[in-house]
Amino acid sequence: MNLRYFEPEDFEDILEIEMETFSEHNPFVYINFYEINSDGFIVATVGDKVAGYVVGYQIYENEGRIFTLAVKKGYRDKGIGSELLRAILNLFCRTGLKYARLEVRRSNVRAQKLYNSMGFVQCWVEKKYYSDGEDGIIMKAYLQPPYDMNSYTNLLDNKINNKYESGITNENTL
Ligand SMILES: CC(C)(COP(=O)(O)OP(=O)(O)OC[C@H]1O[C@@H](n2cnc3c(N)ncnc32)[C@H](O)[C@@H]1OP(=O)(O)O)[C@@H](O)C(=O)NCCC(=O)NCCS
Numbered sequence: 001m002n003l004r005y006f007e008p009e010d011f012e013d014i015l016e017i018e019m020e021t022f023s024e025h026n027p028f029v030y031i032n033f034y035e036i037n038s039d040g041f042i043v044a045t046v047g048d049k050v051a052g053y054v055v056g057y058q059i060y061e062n063e064g065r066i067f068t069l070a071v072k073k074g075y076r077d078k079g080i081g082s083e084l085l086r087a088i089l090n091l092f093c094r095t096g097l098k099y100a101r102l103e104v105r106r107s108n109v110r111a112q113k114l115y116n117s118m119g120f121v122q123c124w125v126e127k128k129y130y131s132d133g134e135d136g137i138i139m140k141a142y143l144q145p146p147y148d149m150n151s152y153t154n155l156l157d158n159k160i161n162n163k164y165e166s167g168i169t170n171e172n173t174l
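Sequential numbering of the sequence shown, starting at 1, is according to the UniProt record's numbering.
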């Protein structure tokens, strides 16, 4: 499994995961994310396929928001979601943010468990947050580095190197 930044050619794979996973997003939001926030859009690949992705961005002075996290069916329960989550939290830390927040469906106990294991706690409930009327739980974490992601640290460093040296891959094997 590799982590790297999103590239436009990943869009079809993202769309496939998006369609099988969520009903409430407009998939084209991902192109916007790429255009305005490419560093906060990280994909996990297995072979040449995208197996999962996470998108996060700075929402307040000290706070990052995880907009979405998804792993393709068939690739779940292998640690990919946790790695993506660590990657985005690590990125938030490196950009000086102190907190992370996210919204999760009340019924999505699996995701809540994962978030709990990364230090997120339930803060409040937004009634009928989702378009189908389900409540959303707002969870927040105080960012406490390090999130053990040496490979991701290299990913960031490689991106910097890539600006100066051609021929260096920006992929890192986990
Ligand atoms: C939530 C989601 C992103 C989690 O992704 P994932 O890749 O399955 O997550 P992980 O594999 O890292 O962790 C899930 C479980 O597998 C376990 N696990 C991690 N590595 C493992 C491994 N190598 N072998 C077996 N199990 C493992 C984890 O401990 C965790 O167990 P737990 O639930 O008992 O804590 C995924 O289920 C998903 O895409 N769901 C649909 C979309 C969604 O709900 N997104 C969140 C919206 S807020």
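By construction, the Cβ of each residue, glycine as well, lies at the ideal position given by its N, Cα and C atoms.
Note down the Cα distance separating Thr45 from Ala51, rounded to an integer number of angstroms. The alpha-carbon atoms of Thr45 and Ala51 are separated by roughly 5 Å.
Got a sec: does ligand 1 put a non-hydrogen atom nearer than 6 Å to the Cβ of Val71? Within the chosen limit of 6 Å, ligand 1 reaches the beta carbon of Val71 through at least one heavy atom.
DSSP-derived helix/strand/coil call for Gln58: In this structure, Gln58 counts as strand in the three-state DSSP scheme.
Closer than 7 Å by C-beta to Gln122: which residues in its own chain qualify, once you throw out the five before and the five after it? Chain order, please. For Gln122, where only same-chain residues beyond five positions count, the Cβ hits under 7 Å are Ile137, Met139.
Terminal residues of the continuous beta strand (DSSP E) containing Gly136? Segment 136-142, the beta strand (DSSP E) holding Gly136.
From what residue to what residue does the beta strand (DSSP E) around Glu103 run? Element bounds for Glu103: 99-105.
Specify whether the region 74-84 and the region 27-38 touch according to this definition: at least 3 beta carbon pairs, one from each stretch, less than 8 Å apart. A contact is defined here as three or more CB-CB pairs under 8 Å, and the region 74-84 fails this definition with respect to the region 27-38.
Closer than 6 Å: is that where the CB of Leu97 sits relative to any heavy atom of ligand 2? As presented, the structure is devoid of ligand 2, carrying ligand 1 as its sole ligands.
Cβ of residue 181 within 6 Å of any heavy atom in ligand 1? The requested residue 181 does not occur in the structure, where the chain is confined to residues 1 to 174.
Identified DSSP bridge partners for Cys69: The sequence given here has Leu at residue 69, not Cys. Under DSSP, Leu69 shares a beta bridge with Val54.
Could you give the distance in angstroms between the alpha-carbon of Asn150 and the alpha-carbon of Arg106? Low local confidence applies: a pLDDT of 48 at Asn150 is under 50, so the model's placement there is unreliable, with the coordinate-based value given in what follows. Asn150 and Arg106: Cα-Cα distance of roughly 33 Å.
Report the residue from Leu15, Gly40, Met1 whose alpha carbon sits nearest the alpha carbon of Leu91. By alpha-carbon distance to Leu91, the top candidate from Leu15, Gly40, Met1 is Gly40.
Can you tell me whether DSSP reads Tyr30 as helix, strand or coil? The DSSP-derived three-state label of Tyr30 is helix.
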